[in-house]
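Participant: The structure under discussion is supplied below as structure tokens; questions concerning it will follow.
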Amino acid sequence: MPIGLSLSKDGAESDMWSGTPLFPEQASTMAGRVDALYFFLIAISTFFSLLIAGLIVFFAIKYRRRAPESVGAVIHGGLLLELAWTIIPFVISMVIFVWGASVFFAMSRPPDETIDIYVVGKQWMWKFQHLDGQREINELHVPVGRPVRLIMASEDVIHDVFVPAFRVKADVIPGRYTHIWFQPTKPGRYQLFCAEYCGTRHSGMTGQVVVMEPSEYQTWLSGGVPEGSLASAGAKLFQDLACNTCHRPDAQGRGPVLEGLFGKTVTLQSGETITVDEAYVRESILNPAAKVAAGFQPIMPTSQGLVTEEQLLELIEYVKSLSVLAQVQAR
Amino acid sequence: MPSSTVFMPPRHYLNDGYGIKSWLLTRDHKRIGLLYLAAITLFFFVGGAFAVLIRLELATPAGDLVSDETYNKLFTMHGVMMVFFFLIPSIPATLGNFLVPIMIGAKDLAFPKLNLASWYIYIIGGAFTLYALVAGGVDTGWTFYTPFSTVSSTTNVIPTALGVFITGFSSILTGLNFIVTIHRMRAPGMTWFRMPLFIWSMYATSLIFVLGTPVIAITIALVAVERLFHFGFFDPRLGGDPVLFQHLFWFYSHPAVYIMVLPSMGVVSELVAAFCRKQVFGYSFVAFASLAIAVLGFLVWGHHMFVAGQSVYSALVFSILSFLVAIPSAVKVFNWTATMYRGSISWQTPMLYAIGFIGLFTIGGLTGLFLAAVGLDVHVTDTYFIIAHFHYIMVGGTLMGYLGGLHYWWPKISGRLYPEFLAKLSAGIIFLGFNLTFFPQFVLGYLGMPRRYHAYPPEFQVLNVLSSAGASILGVGYLIPMIYLMWSLRYGRLAGSNPWGAVGLEWTTTSPPPTENFAETPVITSEVYDYSAPLEDHVA
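Pasting the structure below:
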């Protein structure tokens, strides 16, 4: 369908649809790509639906029973036809598969430089934490034209972040981190829904993404941060929980040195290797014995029940900041 | 060639014993089929009443008719009732029970007592679920997703889970019974490739019953154990994995979609052959397509979890397999259409339902391609697009086939004809009402309206009002057949043994058939759907 394909290439035409209730607004770099595939599928579906419906109506009229005793012609089938209507749908569906897969790859791979924002879902609200320390509830401010990555966790049951105008969606699952990324293309306010049923007030678990011009966003960011950055809150927690008695920067502690650790690959006692990412840091805090680094004893106590999801994020951000610091010092 | 012998046989399965005991202790597959028919009709109307309330609530954007708690219970109970207690048993337990032995020339199923037991198991499971309803309902959604169902919900999860668990065994026993019957009890001359396509579809369905149902039973049992005893299967705080539940649940529940639609495809093959008076085009392709769907259907469950944090590569594998399972369905649609070419096509009610099925199933199947394409699924999953898609398959597909089959075999079941004009009228009402209800939901879903929402943004209202209006038309469409079919039991014109001039073993015996189905075991001497020879020449 030419309209759909041109939508993806030429953003100006998308205004044609705004205000009509049949298509959602396109407000991210992904929206045009998803819509192009959607229109292609509508074209395919319309063609085959009309083909089948047309044939059925035509046959039903042309070959209607004219005498009560009449029977149909003796036809058993035809190999060529069977092959044709097996192979043609197969080829078409493989085209759709490859197309859908390529869109999905783009959705799954964020660019290198993203603005990271932590999201915690709980019954029935969204909490957003910016690295600089701003906290928001049910509202998320982001700049236009920059890729944004959400690192998401749940405090209770499964939730799902869904922003129709961006064509992105991902479950927010307790016990692990999931990610989505998007790059807004137009300033404005966009609906955010919880798309995974989460109990009584599920349909009230909504919010808005506020996309701002970069200058406005900077103003917003610098406005009133009482608690300091996420990493600094994590640093304080690191002291309060006495993590620093074992995780010391001088390699004299009973636990691994955390400086420069994030993003590295470490060897475990089992001989396997693992990349230190958010999920591994999280697991090591909550369930330290699960994957102990080689050369250390499984003596670390669990913090399960002692730290909230949000505090976990602060700790992770602190551990990340130690790596950034180490990189700067190395230079 | 309408039958010239229009009379009510003096002795048939309906007058072979009277009174409640003769029904509740019967071992006759036909009577058990009718017991199921009564039970699933009850569940259909209970589930339908919930649907009416859901659509009434959604006529306005604000959550104003019922509370959010009640709304969540309404869609949960609608799903549980319709999926586990209506759609899954619908065609196999009623028409399948009635027809499988007759269509292959047998006196009964292989295990008549087991057959009766399976009905009682179904009723016990249904009783647990109805108890859960009366005791205050359940709000987990029919999918019972963890950890919500195990740690968060405060409603009657255990009784509902027990109901689903128990009912599963009735499916397993029915499947077992059909498989053994089809293997061992075919009449002389009834070779595998002379079997009606309905039997092939029952065979494929039975395989899924036997292989898939134990998995849902175990999964639901794990939910109950975690909820009661805090064993950590799914709750991450106990060391479990919430997504593991989804894998187990959909390993059964995706094949269950084929449990629902394969029997209906079997019915449609029979209807198209009978009302075109013609051999089904590409008989063996249609038969093997049923088996291909049953096998491939077990390998696509992960497409329900494209946004649930599975790896990119496993998503791609499930995506490509989901496209493959679409091929045999497409093959069937093309073959049915080709069957009409140079047929002698009657426009009687069952054919209208068959045509309705092909049209709606085509739309349901094609929109499945949207969902199999991972990059597009991300946007539309968990929205009304999904709701519309699976209602096109389950209501547009399964229910149209079921109603078409019920009309086609009603003269055989009851010995009487239903009123043709009313039947055509209600088939038309159902087709229109269905499309008005569910087509706007595709648009709503792409706009982004999430499923299971009690209240929604006002810009979605117009489409929701259309949908609710369609639902009220659909409701009327379902009530009319209910009324005239009951009416016809007493007042309908006598049908005679073969009112449609169809071929097939079931039309060689009286309407209604005797308890033992055939006066003497038939010997099949003709190919299936052979309209070149009169029905009398099909058996010796």
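Residue numbers (our numbering), protein chains in the order written: chain R, 1 to 331; chain G, 332 to 871. For each residue, glycine too, the CB sits at the ideal point set by N, CA and C. Keep in mind it's a predicted model, so treat the numbers as computed, not measured.
(1) Could you confirm whether any beta carbon from chain R is found closer than 8 Å to the beta carbon of Ile-727 (chain G)?
(2) Indicate whether at least one CB of chain R lies closer than 8 Å to the CB of Val-774 (chain G).
(3) Indicate whether Pro-830 (chain G) and Thr-839 (chain G) have their beta-carbon atoms separated by less than 8 Å.
(4) Name the chain R residues whose beta carbon is nearer than 8 Å to that of Ser-799 (chain G)?
(5) Nearest to Phe-496 (chain G) by alpha carbon, out of G:Thr-522, G:Val-554 and G:Met-526?
(6) If you measure from the beta carbon of Glu-400 (chain G) to each beta carbon in chain R, is any gap under 8 Å?
(7) Can you name the residues of chain R whose CB is closer than 8 Å to the CB of Val-705 (chain G)?
(8) Quick one: Cα of Leu-302 (chain G) to Cα of Phe-524 (chain G), how far?
(9) Among residues of its own chain, excluding the 5 on either side of Ser-863 (chain G), which ones have a beta-carbon nearer than 8 Å to its beta-carbon?
(10) In terms of residue numbering, what span does the alpha helix (DSSP H) encompassing Gln-880 (chain G) cover?
(11) Checking contacts by CB at 8 Å: is Gly-255 (chain R) closer than that to chain G?
(12) Determine the burial state of Met-813 (chain G): buried for a count of at least 16 other Cβ atoms within 10 Å of its Cβ, exposed for fewer.
(13) Based on DSSP bridge pairs, tell me the residues matched to Phe-692 (chain G).
(14) Applying a beta-carbon distance threshold of less than 9 Å, which residues of chain R neighbour Asp-359 (chain G)?
(15) Quick one: measure Cβ to Cβ for Tyr-815 (chain G) and Ser-421 (chain G), integer angstroms, because I've assumed they're closer than 8 Å.
(16) Rounded to the nearest angstrom, what separates Gly-628 (chain G) and Tyr-723 (chain G) at their Cα positions?
(17) Flag Pro-110 (chain R) as yes if its beta-carbon sits less than 8 Å from any beta-carbon of chain G, otherwise no.
(18) What are the residues of the segment 28-47 of chain R that lie near chain G, defined by any Cβ-Cβ distance shorter than 8 Å?
(19) Report the residue from G:Ala-625, G:Phe-649 and G:Ser-842 whose alpha carbon sits nearest the alpha carbon of His-635 (chain G).
(20) Using a Cβ-Cβ distance under 8 Å, would Tyr-63 (chain R) count as near chain G?
(21) Tell me the rounded alpha-carbon separation between Pro-164 (chain R) and Gln-772 (chain G).
(22) With the cut-off set at 8 Å, would you say Leu-325 (chain R) and Ile-285 (chain R) are in Cβ contact?
(23) Starting from Ser-677 (chain G), find everything on chain R with Cβ-Cβ shorter than 7 Å and list it in chain order.
(24) Report buried or exposed for Ile-547 (chain G), applying the criterion of at least 16 other Cβ atoms within 10 angstroms of its Cβ.
(25) Compute the distance between the beta-carbons of Val-638 (chain G) and Ala-289 (chain R), then report whether it is under 8 Å.
(26) Return the residues of the segment 192-225 of chain R that lie within a Cβ-Cβ distance of less than 9 Å from chain G, sorted by chain order.
(27) Can you list, in chain order, the residues of its chain with a C-beta nearer than 7 Å to that of Met-339 (chain G)? Leave out the 5 residues immediately preceding and following it.
(28) Short check: CB of Val-664 (chain G) to CB of Ser-108 (chain R), under 8 Å?
(29) Closer than 6 Å by C-beta to Ile-115 (chain R): which residues in its own chain qualify, once you throw out the five before and the five after it? Chain order, please.
(30) Ordered along the chain, which non-local residues of its own chain (more than five positions away) have a Cβ less than 7 Å from that of Met-16 (chain R)?
(31) Using a Cβ cut-off of 7 Å, pull out every chain R residue sitting near Ile-651 (chain G), in sequence order please.
(32) Suppose the cutoff is 8 Å on Cβ atoms and the five residues either side in sequence are ignored; what does the same chain contact list for Gly-823 (chain G) look like?
(33) Runs of 4 residues minimum, wholly inside the segment 416-449 of chain G: which ones carry the alpha helix (DSSP H) assignment?
(34) Looking only at C-alpha atoms, which of G:Ser-757, G:Ala-604 and G:Gly-695 sits nearest to Tyr-860 (chain G)?
(35) In chain G, which residues lie less than 7 Å from Trp-85 (chain R) when you measure between Cβ atoms?
(36) I'd like the list of long-range same chain contacts for Ser-677 (chain G), defined as Cβ closer than 6 Å, with 5 residues on each side in sequence excluded.
Facilitator: Taking the definition as stated:
(1) According to the sequence provided, residue 727 (chain G) is Gly. The question's Ile does not apply to it. The C-beta of Gly-727 (chain G) comes no closer than 8 Å to any C-beta of chain R.
(2) By this cut-off, Val-774 (chain G) is an interface position.
(3) No.
(4) Under the 8 Å cutoff, chain R gives no residues; its nearest Cβ is about 16 Å from Ser-799 (chain G).
(5) The residue from G:Thr-522, G:Val-554 and G:Met-526 with its alpha-carbon nearest to that of Phe-496 (chain G) is G:Val-554.
(6) So, interface residue.
(7) Around Val-705 (chain G), the beta-carbon contacts reaching into chain R at under 8 Å are Gly-100, Ala-101, Val-103 and Phe-104.
(8) Past the edges of chain G, shown from 332 to 871, lies residue 302 (chain G), and the structure says nothing about it.
(9) Same-chain partners within the cutoff: there are none.
(10) No answer is possible for residue 880 (chain G): the residues shown for chain G start at 332 and end at 871.
(11) By this cut-off, Gly-255 (chain R) is not an interface position.
(12) Exposed, since its Cβ has fewer than 16 Cβ neighbours within 10 Å.
(13) Paired residues: none, contrary to the question.
(14) Those do not exist, as Asp-359 (chain G) stays about 33 Å from chain R at its closest Cβ, beyond 9 Å.
(15) Incorrect: roughly 20 Å between the Cβ atoms, too far for contact.
(16) Cα to Cα, the separation comes out at about 18 Å.
(17) So, not an interface residue.
(18) So the close ones are Arg-33, Val-34, Leu-37, Tyr-38, Leu-41, Ile-44 and Ser-45.
(19) The option with the nearest alpha carbon to His-635 (chain G) is G:Phe-649.
(20) Taking a beta-carbon distance threshold of 8 Å, Tyr-63 (chain R) counts as an interface residue toward chain G.
(21) Between the C-alpha atoms of Pro-164 (chain R) and Gln-772 (chain G) there is a straight-line separation of about 15 Å.
(22) In this structure, Ile-285 (chain R) does not lie closer than 8 Å to Leu-325 (chain R) by Cβ.
(23) Going along chain R in sequence order, the residues near Ser-677 (chain G) (Cβ under 7 Å) are Arg-65.
(24) Buried.
(25) No, they are not a contact pair.
(26) Under the 9 Å Cβ criterion, the segment 192-225 of chain R contributes Phe-193, Cys-194, Ala-195, Glu-196, Tyr-197, Cys-198, Gly-199, Thr-200, Arg-201, His-202, Ser-203, Gly-204 and Thr-206.
(27) Cβ-Cβ distances below 7 Å link Met-339 (chain G) to Gly-746 and Leu-825 in the same chain, with the five nearest sequence neighbours on each side left out; the list follows chain order.
(28) Using a Cβ distance threshold of 8 Å, Val-664 (chain G) and Ser-108 (chain R) do not count as a contacting pair.
(29) Arg-146 and Val-148.
(30) For Met-16 (chain R), the pLDDT reaches just 38, beneath the cut-off of 50, and the residue's location in the model is therefore unreliable, although a value from the coordinates is still provided. Same-chain partners within the cutoff: there are none.
(31) Within 7 Å Cβ-Cβ: Phe-97.
(32) So the qualifying residues of the chain are Ser-745, Arg-747, Leu-748, Tyr-749 and Pro-750.
(33) Fully enclosed alpha helix (DSSP H) runs of 4 or longer: 419-422 and 428-434.
(34) Nearest option by C-alpha distance: G:Ala-604.
(35) Ala-661, Val-662 and Phe-665, listed in chain order.
(36) In chain order, Phe-606 place their CB closer than 6 Å to the CB of Ser-677 (chain G), counting only its own chain and leaving out the 5 sequence neighbours on each side.
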